[in-house]
Amino acid sequence: MNISNIDILKNSRLAMGLALFIIAIGSGQLIAKEANRTVMVWATQGDLAPGQLINQSDIKAVSVLLPQSAKNYLSAEAEIIGALVLTHISVGDLIPTSSITSTSLVLDQRFVPLTLELTDLPVDLIRGEIIDIYAIPNRDSKSITSPQLVAESI
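At position 96 of the sequence shown the residue is numbered 95 (numbering that gives the first Met the number 0), and the sequence of numbers has no breaks.
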């Protein structure tokens, strides 16, 4: 082998090494890009109760990795301000597409008058909390009866 063949062999190894290095860098970038398929969806900043209208302070956009179930949650591109909540959504939860509607006709609501004193309510009760309702006899009655559960988990 003469000197020129050795130089060609060294140069071809250098070219092959550079090509493999560039291919490895490109492959790593593609793999990282494919692995990071996050989507922006809406999440709650506080509890949302059925019948509540959503306003800007109730929601925030979050980036999450949802490979197959992204279609079950509302994209952050969707306009949901003013939408009506159908089911209870806890603080920090992603908002499912089935939990809100833009029409108020879907919600089955009835208004029932309740006589409550301010002292009958817990101090830390806030809108959207799940409660049980008990019937308690009139305070003026002479007999002592136990409270009766009227509605549960509402």
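C-beta atoms are modelled at their ideal positions from N, C-alpha and C, and glycine is treated no differently.
Start-to-end residues for the beta strand (DSSP E) that takes in S62:
If you number the sequence shown from 1, residue 62 lands on position 63. 58-63 is the span of the beta strand (DSSP E), which, as asked, contains S62.
Specify, as a first and last residue, the run of the beta strand (DSSP E) that A42 falls within.
Stepping through the sequence shown from its first residue, residue 42 is reached at position 43. Run containing A42: 38-43, per the beta strand (DSSP E) assignment.
Leaving out five residues before and five after V149 in sequence, what residues of the same chain have Cβ atoms less than 6 Å from its Cβ?
Taking the first residue of the sequence shown as position 1, residue 149 is located at position 150. Within the same chain, and ignoring the five residues on either side of V149 in sequence, the residues whose Cβ sits closer than 6 Å to its Cβ are I132, A134.
Proximity of L93 and A48 at Cβ, strictly below 8 Å:
Stepping through the sequence shown from its first residue, residue 93 is reached at position 94. Stepping through the sequence shown from its first residue, residue 48 is reached at position 49. For L93 and A48, no; Cβs fall outside 8 Å.
To which residues of the same chain is S101 closer than 6 Å at the C-beta, ignoring the five residues directly before and after it?
For the purposes of this step, residue 101 is identified with residue 102 of the sequence shown, where counting begins at 1. The residues are A82.
Are there 16 or more other CB atoms within 10 angstroms of the CB of S56, so buried, or fewer, so exposed?
Counting from 1 along the sequence shown, the entry for residue 56 is found at position 57. Its Cβ having fewer than 16 others within 10 Å, S56 is exposed.
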